[in-house]
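Residues in the sequence shown are numbered from 5 upward in steps of one, following our numbering. Written below as structure tokens is the structure these notes are about.
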Amino acid sequence: VQLQASGGGAVEPGGSLRLSCAASGSIFRLLDIGWYRQAPEKQRELVASITKGGSTNYQDSVKGRFTISRDNSKNTVYLQMNRLNSEDTAVYYCSADLSTGPFRRYWGQGTQVTVSS
């Protein structure tokens, strides 16, 4: 599985961005997808996740502002980010977990999100 993250950029506080994570292969529907972020000198943290069944989970700091969704017909997961603030500045990564058979986790490259006035 190869993951391609895109959609990052620079926005002002209060702005919005939509990140996309496109996956190769024919097993996308079996994957649980997560969006992580890593700010400078901080640990990578889970921001939001969506299971293969569509259940979602969010970090408390983004609840009500971020929405994760998936389109299995396009092998893509989206992270809609609204009301961005400076603390959302980080490199965002998507991951894919395959739990059928031996557990495997795949990572995409990061996409930079910068929130600044």
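Positions of the beta carbon are idealized from the N, C-alpha and C atoms, including for glycine.
Counting only the Cα atoms, Arg33 lies some 23 Å from Gln63.
Counting only the Cα atoms, Ser120 lies some 22 Å from Leu50.
Across the set Ala94, Glu16, Ile72, the C-alpha of Ile72 shows the shortest separation from the C-alpha of Ser24.
Counting only runs of at least 3 residues, the segment 27-69 fully encloses the following beta strand (DSSP E) elements, listed from N- to C-terminal order: 36-42, 49-54, 60-62.
Sequence-distant Cβ neighbours of Ser28 in its own chain, meaning closer than 6 Å and more than five residues away, are Gln6. Taking Ile54 as reference, the option from Gln8, Cys98, Phe107, Thr118 with the minimal CA-CA separation is Cys98.
In this structure, Arg108 keeps its C-beta atom at 8 Å or more from the C-beta atom of Gly18.
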